[in-house]
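Numbering (the numbering used here), first residue to last: 11 to 269.
Since the structure comes first, as structure tokens, the remarks are kept for the end.
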């Protein structure tokens, strides 16, 4: 039986607007008892907030069905330094509520004015020069730099705004250090989601609207991939992407009904 890792923005909704056939697609999976998770690069929201947003648009969702890059970042750190107590792992955080809650739920200790084990950075709409200065200082003093996702721009109010990747550009430039990237197109978050589905890789489909994140991430994790042409990537982007990557999505569909 196939399982599905489903992107959100551009695949199921655009901001507060539900994309056609999104609710029907999830209902179709439920009726056939096909396992699925919602997988998002967004680290600013908790799983409860993500599932609540989906339900407001008529898409059936529970918090335990949501994998965010914040949760995956916390899980990644939890698996580091196996001989160290969870409460002994310290984190300097640049991020918002969802990421903070994920780190705290994993038993990590968030610090500000002391050298941490990790600098964890996601989107932060209150990012300042002081935060940049501390992050760079800590990274250069040995903290491991964790980036929830590399998205340069993210959808906002019918347009777009700078994302976590835009903030990361300043930290990377100043520190000269590259982060461990958790969200798509890195396979790390997808690998954690795969573990939750407990299915063979060849039975798992990554479904999304973005060739450079969803489809690239699915390929990197060894999953099958399905591109829906309802968001970022369009049919005329396929040739460029396939030439660059030397591969193609397993399926390309106009929308979720066709998929």
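For glycine and all other residues, C-beta sits at the position ideal for the given N, C-alpha and C.
All values derive from a computational prediction rather than experimental measurement.
Per DSSP, reduced to three states, the secondary structure at residue 218 is strand.
Note on geometry: alpha-carbon atoms of residue 196 and residue 227 lie some 5 Å from one another.
For residue 13, the beta-bridge partners assigned by DSSP are 214. Contact between residue 156 and residue 130 holds, with the beta-carbon distance rounding to 5 Å and staying under 8 Å.
In the assembly as shown, residue 136 is an exposed residue. Its beta-carbon has fewer than 16 other beta-carbons within 10 Å. The region 239–250 makes no contact with the region 43–54: fewer than 3 CB pairs, one atom from each, lie closer than 8 Å.
In the DSSP assignment, residue 169 falls within the beta strand (DSSP E) that extends over 169–172. Here DSSP, grouped into helix, strand and coil, assigns residue 123 to coil.
The beta carbons of residue 237 and residue 204 sit no closer together than 8 Å. The region 214–234 makes no contact with the region 75–88; the number of CB pairs closer than 8 Å stays below 3. Residue 249 sits exposed, since fewer than 16 C-beta atoms from the chains shown fall within 10 Å of its C-beta. The C-beta of residue 54 has 16 or more other C-beta atoms within 10 Å across all chains shown, which makes the residue buried.
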